[in-house]
Amino acid sequence: MRTGEPLPALGDVLAALDTGLWHWDTAAGLVTVDAVAARLLGLPAAQVTLTEAQIRARLHPVDWNEITGVVQLAVAEGTLAEVRIRIMDDRKRVARVVRSRSKPSFDRARKAYVLTGTLQEVAEPRPGTPAARSAVTGDWRRSREAFLLDAGRALAEARSTQEVLRVAANLSMPGFSPDGLAVFGVQGDHLTIIGHHGHEPGSDHPFAYMPLDTDYPAAEVVRTGRAVYLSSPEQYKARYPLTWPLAQRFGRQSWAFLPLTASGRTMGAWLAAFSYPVAFTPDERSVLTTVARMLAQALSRAGTAESERALSEGLQRTMLPKLGPGIPGMSLAARYVPTGGGLQVGGDWYDVIPLPSGRFAMVIGDVQGHDVRAAGLMGQLRIALRAYASEGHRPDAVLSRASRFLHGIGEADPAELRFATCLYVEVDPVSGVLEAARAGHPEPVIRMADGTVLARPTAGGPPLGVDPDADYPTTRFVLESGETMLICTDGLIETGGHDLETGWRRLRGILEDHKGTQEELADALVQAVHGPSSHHTTGPLADRREDDIAMMLLSRQGEGCGCGAETDATAPPVRRTALTVAQAEPERISVARQQLRELLHDWSSPDQVDSAVLLLSEMLTNVLVHTDTDALLLAEVTGRRDGRRMRIEVTDAGDDLPHVRRPGELASSGRGLVLIELLAHTWGVAPRGTGKSIWFELYETEGAGPR
């Protein structure tokens, strides 16, 4: 064109540049395109007006949704709307990629967008090339935001360094993805390799212990805290000639070294290496920088968690004992499950202590709280209990001394005053006699040889450390052949929103139905609280916080204990319970009634159970009313199903023998033996050397008892 000649028409210029024009009015829902734009859309090369539905059918559905967002953003920012659009053919394949540029405006009166823009075909570039990431506001921006959200979520969920490295190795960045990754740490004044991906095993050897003053990009990043981007091998060789031979053998074309900074401290460097040239545009650097920050935070969290876990596990191994060699005639199983606060050890503990008498003691307890202070007090208290027990003190004296010890620690620092619950059981492995003292702790539970489960009432005092002068009375009972005793902390009972009542109900089913070994029973109890089934057995309380769990199982060898011991399978099973009701404890009559009902939980006749409970109440009340002595209850069930016999015996030290009377209609007493005579199959009174016992029997079937 010569100087002074008129400019050619705009349409001719655009046609010469293979650029089409289009106009879109969203209120009318119509799009007008010229001949070039129509051809780019896959239509005949002629100007035409189309509906939005017709245009939408020619575009990739994701791109159509993208156009709407880009237009709204351009209007809000007063900028051009630019987006790449994939044109689809009749077989729903991408025919070409075009770039649309427009200047949208918003008509407030009609509440519509009006756009006039251009369409121009662009060559689909090879992934990773600079042309693939020109500054457009379409797919690239959306993909980048989605990628960063996914990467952040995945890194936040990683719980260990290896999980963080695995997530980093699987990151697929939008439009460009490195095929070689390495994470460098700092140890003293040297670089270390925390992990790598995309390299042969052993290829990290030259970089494993590199001094920080080395002329290497990762070392420079750690020294300066600034990222290093190398877009080509020539750039790498010119800037780092000494270490270029180390990188050359990997055959990469571009490298990005970014600092890993957490809490203002550079803790290492992250290498992202590419097998194709990367220009490292501002958008790409922004993505890499954001990923490096998230990676640093994830590695910092994982490192802290692993350090705490290592410390906690070390404390746990130190503070929780090994059960040691077997005990003749008995077997032990124990579990410790830390569940609260993130620490692997807290205030719960268990212990097994050899005693000078040849017996041994089982101890289980729970210091208030779940923190380092609770763990420290637990260790001190455990050592103190071991010392007192090794001196040969009885269970009540051991707990009294331990309470004074813990109270003394609290007096030194009242702000850190804590209490602890504890159950101390001295065991005679020969006779099976157990002597228990309890300090505010849940009572032991006995699983009998036939699966019957009874909570063993045990006298007790306040938690340790509350009252230095408190007494802890001792309760004696016998662990019969084939029986198992469970002692545990309240975490096993109350975790999952349970109270003591509903929590024991949940565990009772596990104890009664279990048929395996003692170790399998211990695992089943833990699974009932933390396994998949625990989600269906939540308790009535709104508070679902978890607590640590410590538990011990003591079994006396015999049929039903799961110890693997050989027993006489022909011997009839026996279940038995004993209980003392003192003159000053009339409320224990209700405990005795509950014990009897639990003992007879599977008795075939509910009427007989009610009769037995009524007669027991009469016998115990008579002792408390007509004598000044305590009553001893012994209840047992013998025989096999459908032919069993229950025998209930109450013994006291009174000298007066009871006799049957015929009370008048208005008499307030004298009906006890009359009721026994009416309801029991057989009964009797047996004089003792000092005192007497009265007993009665009921038979599950009429032919079960003696003729």
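So for the sequence shown, this note's numbering puts the first residue at 37; every next one is plus one. Virtual Cβ for every residue (Gly too), placed ideally from N, Cα, C.
- Here THR317 is not near GLN156, since their CB atoms are 7 angstroms or more apart.
- Residue pairing by DSSP places LYS728 opposite ASP688 and PRO723 in a beta bridge.
- In the assembly as shown, SER439 is a buried residue. Its beta-carbon has 16 or more other beta-carbons within 10 Å.
- Per the coordinates, the alpha-carbon of ALA410 lies some 36 angstroms from the alpha-carbon of THR488.
- If you check the CB distance, VAL119 and VAL111 do not come in under 7 angstroms.
- Between the beta-carbon of MET124 and that of ARG75 there is about 15 angstroms, and that puts the pair past the 8 angstroms contact cut.
- The beta-carbon distance between ALA558 and TYR460, rounded to whole angstroms, is 21 angstroms. This is too long to meet the 8 angstroms contact definition.
- In the three-state reduction of the DSSP assignment, SER322 falls in the helix class.
- Minimum Cα-Cα distance from LEU217 among the listed residues HIS226, TYR149, GLN223 and VAL203 corresponds to VAL203.
- When only Cα atoms are considered, GLN554 and CYS524 end up about 15 angstroms apart.
- Around the C-beta of ILE585, 16 or more other C-beta atoms lie within 10 Å, and the residue is accordingly described as buried.
- Residue nearest to LYS728 within the set ALA716, GLY405, GLU685 and ASP251 is GLU685 (criterion: CA-CA distance).
- Under the DSSP assignment, VAL257 falls outside any beta strand (DSSP E), being part of the alpha helix (DSSP H) whose first and last residues are 253-260.
- If you draw a straight line from the Cα of GLY468 to the Cα of ALA190, it comes to about 55 angstroms.
- In the three-state scheme derived from DSSP, where H, G and I count as helix and E and B as strand, PHE396 is classed as strand.
- Nearest C-alpha to ALA81 among THR68, ALA89, THR115 and ALA425: THR68.
- CA-CA distance, LEU116 to SER138, rounds to 6 angstroms.
- Put simply, the backbone Cα of ALA283 is about 30 angstroms away from that of GLY188.
- When the beta-carbon positions are compared, ALA305 and PRO214 stay at least 7 angstroms from each other.
- For GLN630, the closest alpha carbon among the candidates ARG724, GLN416 and PRO493 is that of PRO493.
- In the assembly as shown, VAL617 is a buried residue. Its beta-carbon has 16 or more other beta-carbons within 10 Å.
- The Cβ-Cβ distance between ALA148 and ALA334 does not fall below 7 angstroms.
- Of LEU651, ALA64 and GLY287, the smallest CA-CA separation from LEU151 is found for ALA64.
- The C-alpha of ASP464 lies about 60 angstroms from the C-alpha of ALA244.
- When DSSP states are grouped into helix, strand and coil, VAL673 belongs to the strand group.
- Our two residues, SER141 and LEU324, have alpha carbons roughly 35 angstroms apart in a direct line.
- In the three-state DSSP reduction, LEU391 falls in the coil class, being neither helix nor strand.
- A direct Cα-to-Cα measurement between ALA338 and VAL408 gives close to 20 angstroms.
- For the set VAL673, ALA628, LEU656 and ARG612, the Cα lying nearest the Cα of SER640 is the one of VAL673.
- Distance between GLY518 and ALA472, taken at the CA atoms: about 20 angstroms.
- Every alpha helix (DSSP H) stretch that sits fully inside the stretch 515-551 and reaches 4 residues is listed by chain position as 526-530 and 536-549.
- By the criterion of a C-beta distance shorter than 8 angstroms, VAL610 is surrounded in its chain by ALA485, GLU516, GLU672, VAL673 and THR674, once the five residues flanking it on both sides are discounted.
- A residue is called buried once 16 or more other Cβ atoms fall within 10 Å of its Cβ, and HIS232 is buried on that count.
- Taking 7 angstroms as the cut-off, the beta carbon of LEU470 is found no closer than this to the beta carbon of ILE482.
- In this structure, ILE400 sits away from ALA425, with a CB-CB distance that is not shorter than 7 angstroms.
- Note on geometry: alpha-carbon atoms of GLU548 and ASP449 lie some 46 angstroms from one another.
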